[in-house]
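Peer 1: Got a structure for you, written out below as structure tokens; questions coming shortly.
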Ligand SMILES: Nc1ncnc2c1ncn2[C@@H]1O[C@H](COP(=O)(O)OP(=O)(O)OP(=O)(O)O)[C@@H](O)[C@H]1O
Ligand SMILES: [Mg+2]
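Chains as they are written, first to last, in our numbering: chain D, 5 to 375; chain Z, 44 to 307.
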């Protein structure tokens with residue numbers, strides 16, 4: 005009767021050493037959904053996947069599959085397959101044998117399996133690779149074999165743990181498109197893990213931002229980007245300016261030493277808030293024609309980023325990150341304007357500006373210790 | 044100059060390592076019975092060897108004991124290695140030390156202590172005790188060849204197998220075992236080599252006239268050097284060399300293959 009395919013109920017994971025990796029996770033996954041867990045390193049993404057896959061048991065809480073608890077089922081009895089971060093292909097088997105591993109265990113007819121293997125290879129763009137040794141494949145190709153090996157079992161849910169983490173940027177972009185296509189074509193529900201915010205936003209139907217074993221926000225990529233619920237999400241999802249400010253009244257915020265018109269209300273009078281400004285929403289104007297009520301600043305640095313210029317502008321004690329196609333020399337005095345609808349006001353929380361680990365730091369690639 | 048010194052030094056080392064063996068091999072084909080005199084080429088001693096009942100019996104003992112000991116120690120050692128691998132790090136390192144110790148231990152100590160053990164257990168020294176001793180000193184070699192293969196294994200492989208529907212037992216036999224098989228095989232060969240090669244421990248733990256080849260060589264040598272000993276030792280040398288080559292060849296080949304492949 006439940007319309008959700010997978011539901012996580014108050015999932016908590018405390019490891020033997022007393023470390024709480026998951027702290028009451030509640031999530032639901034619908035049929036055909038592409039849901040991404042996004043968060044900095046160590047926030048519990050892998051742990052969540054392992055609980056859904058059945059590789060670990062939660063300390064408390066429940067995992068439901070179509071409304072029924074599967075928390076006590078071993079991995080081999082769950083209709084769920086996983087693409088592991090390092091692919092975990094079986095090195096002594098060739099590509100076809102790897103992909104046929106699941107069907108062979110089920111003693112499926114050999115000819116039928118061979119046909120399905122060929123179909124799968126076509127789906128992942130590796131037609132004719134049946135007899136190749138897995139060690140002879142490139143990272144991207146191994147990745148595709150791992151996906152084919154999981155998909156051939158027609159799982160209800162496919163779990164993917166940073167499947168593109170080991171690939172270079174260009175290949176990663178290609179595989180993002182490819183994965184999305186495979187998901188749409190196969191109609192299989194994807195539970196995807198990444199710490200790359202751009203990847204999460206481009207591929208997902210739903211993004212779940214996690215931090216320290218807790219869910220921060222669940223929403224569509226647009227929701228998450230445009231209306232982050234707190235400074236942590238805003239900071240993690242993209243480069244943004246997060247400024248300390250106050251709500252003077254409804255639809256009137258005070259920051260950068262000036263009052264601004266905005267669209268938010270209901271914070272109460274003189275409530276301390278965090279103000280989020282996306283770099284592309286901050287407009288720089290020449291000081292030749294003074295605009296009443298606009299704060300003034302000075303450009304500190306200008307960097308060409310390919311499509312736009314990235315500028316740092318100092319305004320009083322604050323510093324703003326600004327993206328614009330129009331470059332201004334460092335040292336140029338400017339006036340700053342922001343459209344009311346581009347000002348995002350958030351209640352002050354413990355996740356305020358100096359608290360969160362920077363997204364960029366968290367996203368550093370983890371070096372391979374093995375080998 | 045330093046190049047010259049380096050070469051001379053290496054030459055000397057190789058000389059001392061290989062000249063004795065070379066002499067042994069040369070003299071096993073010497074027609075003259077006296078050592079130090081070359082009396083022409085002959086295969087006489089090899090022919091004699093295979094007519095000697097005692098030597099043939101010893102050969103059979105060596106082979107039977109070697110194969111039995113290698114088989115048993117491979118089974119025990121491989122299971123042991125898998126057990127060790129699944130232990131926590133601290134425990135594993137401690138236990139590994141205990142497993143390795145007998146290899147560093149003086150053979151004579153191992154031999155004497157095994158003999159004491161058998162006597163204390165009222166086991167009559169003979170074929171059985173010989174096999175048991177060989178199993179005992181071969182196990183560490185098997186553990187040492189299997190454990191690295193387990194370590195090289197991607198720790199996610201068993202999980203991947205279970206994920207695709209394999210029970211833990213199926214995962215072991217279909218995924219883990221085939222992957223560590225080369226290690227198990229080289230452990231077996233190494234155990235066989237060690238068993239064929241052993242003299243000291245065998246000497247202390249055999250009885251009732253059960254002799255293997257090395258003990259036979261020893262008793263023959265006590266009675267006076269016969270050129271047959273040279274022939275027999277040459278054969279043992281060649282067999283052991285061949286086995287060791289078989290153990291190491293796959294590794295060497297893999298290294299070469301890796302070196303010639305462009306970095307990924
Ligand atoms: N077996 C374990 N015992 C103790 N702590 C663990 C164990 N496994 C994971 N942790 C801890 O739990 C936290 C969450 O780990 P998890 O692997 O889920 O993070 P993650 O979000 O996947 O991070 P990453 O992006 O680096 O993969 C980490 O702080 C980690 O150190
Ligand atoms: Mg992880």
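Cβ atoms here follow ideal geometry from the backbone N, Cα and C, with glycine treated the same way.
Here the structure is a predicted model, which means the values were calculated and not measured.
So is the beta-carbon of residue 202 of chain Z under 7 Å away from any non-hydrogen atom of ligand 2?
Peer 2: Taking the second chain and counting its residues from 1, the one referred to as residue 202 of chain Z is at position 159. No, the Cβ of residue 202 of chain Z stays beyond 7 Å of every heavy atom of ligand 2.
Peer 1: Which residues share a DSSP beta bridge with residue 85 of chain D?
Peer 2: Position 81 of the first chain, counted from the first residue, corresponds to residue 85 of chain D. In the DSSP output, where bridge partners are listed per residue, residue 85 of chain D has D:162.
Peer 1: For residue 299 of chain D, return the contacting residues in chain Z, with the cut-off set at a CB-CB distance below 8 Å.
Peer 2: Numbered from its first residue, the first chain carries residue 299 of chain D at position 295. Neighbours of residue 299 of chain D on chain Z: none; closest Cβ ~52 Å, over 8 Å.
Peer 1: At which residues does the beta strand (DSSP E) containing residue 323 of chain D begin and terminate?
Peer 2: Mapped onto the first chain, residue 323 of chain D falls at position 319. Looking at the DSSP string, the run of the beta strand (DSSP E) that includes residue 323 of chain D is 322-328.
Peer 1: Using three-state DSSP, classify residue 265 of chain Z as helix, strand or coil.
Peer 2: In the second chain, the residue the question calls residue 265 of chain Z occupies position 222. Helix.
Peer 1: Locate the beta strand (DSSP E) running through residue 264 of chain D, then write down its first and last residues.
Peer 2: The count along the first chain starts at 1 and reaches residue 264 of chain D at position 260. Counting along the chain, the beta strand (DSSP E) containing residue 264 of chain D begins and ends at 262-265.
Peer 1: Could you pull out every residue in the same chain whose Cβ sits closer than 6 Å to the Cβ of residue 18 of chain D, ignoring the five residues on either side in sequence?
Peer 2: Within the first chain, residue 18 of chain D is the residue found at index 14, counting from 1. Closer than 6 Å at Cβ, skipping near neighbours: 24, 63.
Peer 1: Would you call residue 92 of chain D buried or exposed, if buried means 16 or more other Cβ atoms sit within 10 Å of its Cβ?
Peer 2: In the first chain, residue 92 of chain D corresponds to position 88, counting from 1. By the 10 Å Cβ count, residue 92 of chain D comes out buried.
Peer 1: Does any residue of chain Z have a CB that is nearer than 8 Å to the CB of residue 196 of chain D?
Peer 2: On the first chain, position 192 is the one that residue 196 of chain D refers to. No, residue 196 of chain D does not count as interfacial toward chain Z.
Peer 1: Per DSSP, what kind of secondary structure is residue 282 of chain D in: helix, strand or coil?
Peer 2: What you label residue 282 of chain D is simply residue 278 of the first chain in a count that begins at 1. DSSP places residue 282 of chain D in coil when its eight states are reduced to three.
Peer 1: Nearer than 7 Å: is that true of the beta carbon of residue 182 of chain D relative to any heavy atom of ligand 2?
Peer 2: The residue given as residue 182 of chain D occupies position 178 in the first chain. For ligand 2, not one heavy atom lies less than 7 Å from the Cβ of residue 182 of chain D.
Peer 1: Could you list which residues in chain D have their beta carbon closer than 7 Å to that of residue 210 of chain Z, in chain order?
Peer 2: One-based indexing of the second chain puts residue 210 of chain Z at position 167. Residues of chain D passing the Cβ test: 80.
Peer 1: According to DSSP, residue 237 of chain Z sits in a beta bridge with which residue or residues?
Peer 2: For the purposes of this step, residue 237 of chain Z is taken as the residue at position 194 of the second chain. According to DSSP, residue 237 of chain Z bridges with nothing at all.
Peer 1: Report all residues from its chain with a CB closer than 7 Å to the CB of residue 50 of chain D; omit the five preceding and five following residues, and keep chain order.
Peer 2: Start at 1 with the first residue of the first chain, and residue 50 of chain D comes out as number 46. These residues qualify, in order along the chain: 165, 197.
Peer 1: Give the list of continuous alpha helix (DSSP H) stretches no shorter than 4 residues that lie fully inside the segment 127-163 of chain Z.
Peer 2: Taking only runs of at least 4 residues, the alpha helix (DSSP H) segments lying wholly in the segment 127-163 of chain Z are 132-147, 150-163.
Peer 1: Kindly list, in the order they appear in chain Z, the residues whose Cβ is closer than 8 Å to that of residue 92 of chain D.
Peer 2: Counted from its first residue, the first chain places residue 92 of chain D at position 88. Correct list: 197, 199, 200, 202, 203.
Peer 1: Can residue 169 of chain Z and residue 109 of chain Z be called in contact, C-beta distance under 8 Å?
Peer 2: Numbered from 1 along the second chain, position 126 holds the residue referred to as residue 169 of chain Z. Numbered from 1 along the second chain, position 66 holds the residue referred to as residue 109 of chain Z. No, Cβ-Cβ distance for residue 169 of chain Z and residue 109 of chain Z is not below 8 Å.
Peer 1: Can you tell me which of the three DSSP states residue 369 of chain D falls into?
Peer 2: Residue 369 of chain D sits at position 365 when you count from the first residue of the first chain. Because the pLDDT at residue 369 of chain D is just 40, under 50, the model does not fix this residue reliably, and the value given afterwards should be weighed accordingly. In this structure, residue 369 of chain D counts as coil in the three-state DSSP scheme.
Peer 1: Which whole runs of the alpha helix (DSSP H) in the segment 158-242 of chain D are 4 residues long or more, in chain order?
Peer 2: If we require 4 residues or more, the alpha helix (DSSP H) runs fully inside the segment 158-242 of chain D come out as 173-190, 201-207, 225-230, 235-241.
Peer 1: Can you list the residues of chain D that residue 213 of chain Z reaches, using a CB-CB cut of under 9 Å?
Peer 2: Mapped onto the second chain, residue 213 of chain Z falls at position 170. Correct list: 80, 109.
Peer 1: What do you reckon, is the C-beta of residue 88 of chain D under 7 Å from a heavy atom of ligand 1?
Peer 2: By one-based count along the first chain, residue 88 of chain D stands at place 84. Residue 88 of chain D: no, Cβ never under 7 Å from ligand 1.
Peer 1: With 8 Å as the threshold, decide whether the Cβ of residue 19 of chain D is near any Cβ in chain Z.
Peer 2: Indexing the first chain from 1 puts residue 19 of chain D at position 15. No, no contact with chain Z.
Peer 1: Under the assumption that residue 141 of chain D contacts residue 149 of chain D (Cβ atoms under 8 Å), give the Cβ distance between them as a whole number of angstroms.
Peer 2: Walking along the first chain from the start, residue 141 of chain D turns up at place 137. Walking along the first chain from the start, residue 149 of chain D turns up at place 145. That belief holds up - the Cβ atoms of residue 141 of chain D and residue 149 of chain D are roughly 7 Å apart, short of 8 Å.
Peer 1: Along chain Z, in chain order, which residues have C-beta atoms closer than 7 Å to that of residue 86 of chain D?
Peer 2: The residue labelled residue 86 of chain D in the question sits at position 82 within the first chain. By Cβ distance, chain Z contributes 206.
Peer 1: Any C-beta of chain Z sitting closer than 8 Å to the C-beta of residue 62 of chain D?
Peer 2: As a first step, residue 62 of chain D must be located in the first chain, where it is residue number 58. Taking Cβ atoms only, chain Z never reaches closer than 8 Å to residue 62 of chain D, which makes this a no.
Peer 1: List the endpoints of the continuous alpha helix (DSSP H) containing residue 245 of chain Z.
Peer 2: Looking up residue 245 of chain Z in the second chain gives position 202. 243-248 is the span of the alpha helix (DSSP H), which, as asked, contains residue 245 of chain Z.
Peer 1: With respect to 7 Å, is the separation between the Cβ of residue 49 of chain D and the closest non-hydrogen atom of ligand 2 below this value?
Peer 2: Here residue 49 of chain D refers to the residue found at position 45 when the first chain is read from its first residue. Indeed, a heavy atom of ligand 2 lies less than 7 Å from the Cβ.
Peer 1: Within the present structure, is the beta-carbon of residue 166 of chain D separated from the nearest heavy atom of ligand 2 by less than 7 Å?
Peer 2: Working through the first chain from its first residue, we reach residue 166 of chain D at position 162. Under cutoff, so the answer is yes.
Peer 1: In three-state DSSP terms, what is residue 302 of chain Z?
Peer 2: The sequence position of residue 302 of chain Z within the second chain is 259, counting from 1. Only weak support exists for where residue 302 of chain Z lies, its pLDDT of 49 falling under 50; the value from the coordinates is given anyway. Residue state, collapsed to three classes: helix.
Peer 1: What is the DSSP secondary structure of residue 249 of chain D, counted as helix, strand or coil?
Peer 2: On the first chain, position 245 is the one that residue 249 of chain D refers to. Note: residue 249 of chain D maps to strand in three-state DSSP.
Peer 1: Provide the residue(s) that pair with residue 257 of chain D in DSSP beta bridges, ordered along the chain.
Peer 2: Residue mapping note: residue 257 of chain D aligns to position 253 of the first chain, counting from 1. BP columns for residue 257 of chain D point to D:251, D:264.
Peer 1: When you compare the CB of residue 95 of chain D with every CB in chain Z, is at least one pair closer than 8 Å?
Peer 2: Mapped onto the first chain, residue 95 of chain D falls at position 91. Closer than 8 Å: yes.
Peer 1: Taking 7 Å as the cut-off, is the beta-carbon of residue 21 of chain D closer than that to any non-hydrogen atom of ligand 1?
Peer 2: For the purposes of this step, residue 21 of chain D is identified with residue 17 of the first chain, where counting begins at 1. It does: the Cβ of residue 21 of chain D is within 7 Å (strictly closer) of some heavy atom of ligand 1.
Peer 1: Do residue 25 of chain D and ligand 1 come close, with the Cβ less than 7 Å from some heavy atom?
Peer 2: The residue you call residue 25 of chain D lines up with position 21 of the first chain. Yes, the beta carbon of residue 25 of chain D sits closer than 7 Å to at least one heavy atom of ligand 1.
Peer 1: Any heavy atom of ligand 1 inside 7 Å of the beta-carbon of residue 43 of chain D?
Peer 2: In the first chain, the residue the question calls residue 43 of chain D occupies position 39. Yes - ligand 1 has a heavy atom lying nearer than 7 Å to the Cβ of residue 43 of chain D.
Peer 1: Which bits of chain D does residue 312 of chain Z rub up against, with CB to CB less than 7 Å?
Peer 2: The structure shown does not extend to residue 312 of chain Z, since chain Z is modelled only from 44 to 307, so the question has no answer here.
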